[in-house]
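S.K.:
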Amino acid sequence: MECGMVLTHLKVQPGECIAVKGTVPPDAKSFALNMGRAGSDLALHFNPRFESHGDTCIIICNSLQGGEWGQEQREPDFPFQQGQDAKICISFDDQELTLALPGEQQLKFPNRLGLEAIEFFSVEGDFRVKSIKFK
Ligand SMILES: C=CCO[C@@H]1O[C@H](CO)[C@@H](O[C@@H]2O[C@H](CO)[C@H](O)[C@H](OCc3cn(-c4n[nH]c(N)n4)nn3)[C@H]2O)[C@H](O)[C@H]1NC(C)=O
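Count the sequence shown with the numbering used here and you get residues 13 to 147, in order.
1. Which value, in whole angstroms, describes the spacing of the CA atoms of residue 47 and residue 109?
2. Between the beta-carbon of residue 139 and the beta-carbon of residue 43, is there less than 8 Å?
3. Just how far apart, CA to CA, sit residue 54 and residue 84?
4. Tell me the DSSP bridge mates of residue 77?
5. Quick check on DSSP: helix, strand or coil for residue 34?
6. For the beta strand (DSSP E) containing residue 92, list its first residue and its last residue.
7. Excluding the 5 residues flanking residue 91 on each side, which residues of the same chain have their C-beta closer than 7 Å to its C-beta?
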């Protein structure tokens with residue numbers, strides 16, 4: 013899969029927020045936001061799929077530890093639209109990661125890695141980042 017933006021050497025602490033704004037292309041199939049310690053150790057792989065891997069309009073969340081995927085969490089409430097802008101705010105604590113999605117939708121995912129700081133953040137696929145803020 014093609015790789016977009018990759019941020020390393022971050023020190024995002026519990027309670028802080030990563031706010032990503034961007035545009036979903038009209039022909040989007042899928043994009044992913046990845047965050048954790050490194051590309052092979054992700055507390056969260058957040059993967060909205062418009063049409064990908066046999067899935068239609070579903071959000072796949074998973075963790076990646078030592079390059080091995082965990083159990084997928086599949087979220088059918090799908091707040092993204094092709095051709096539209098979107099804002100996603102990510103925060104976390106010792107128990108879970110919380111994502112504020114469009115349409116005031118909120119999604120939670122367990123902090124399986126016991127992540128204490130987000131050091132790595134990447135964006136892949138059909139999402140054109142317009143801004144990223146650390147609050
Ligand atoms: C039914 C039996 C096989 O299950 C399938 O197994 C696939 C392979 O593990 C699963 O797809 C992986 O699911 C992972 C999350 O659990 C990741 O999404 C993995 O892709 C990693 C990736 C995605 N992207 C990416 N997304 N969008 C773009 N452009 N790039 N970049 N790297 C996908 O290849 C896929 O989600 C899974 N499907 C089901 C229904 O479980």
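Idealized CB from N, CA, C, for every residue including glycine. Since this is a predicted model, take the numbers as computed values, not measurements.
M.R.: In brief:
1. Using only the alpha carbons, I get a separation of about 10 Å.
2. Between residue 139 and residue 43, the C-beta spacing is below 8 Å.
3. Rounded to the nearest angstrom, the gap between the Cα atoms of residue 54 and residue 84 is 13 Å.
4. Residue 77 pairs with 80.
5. Correct three-state label for residue 34: strand.
6. Unbroken run through residue 92: none, as it is neither H nor E.
7. Once the five neighbours on either side are set aside, the close Cβ partners of residue 91 are 113, 114, 115, 117.
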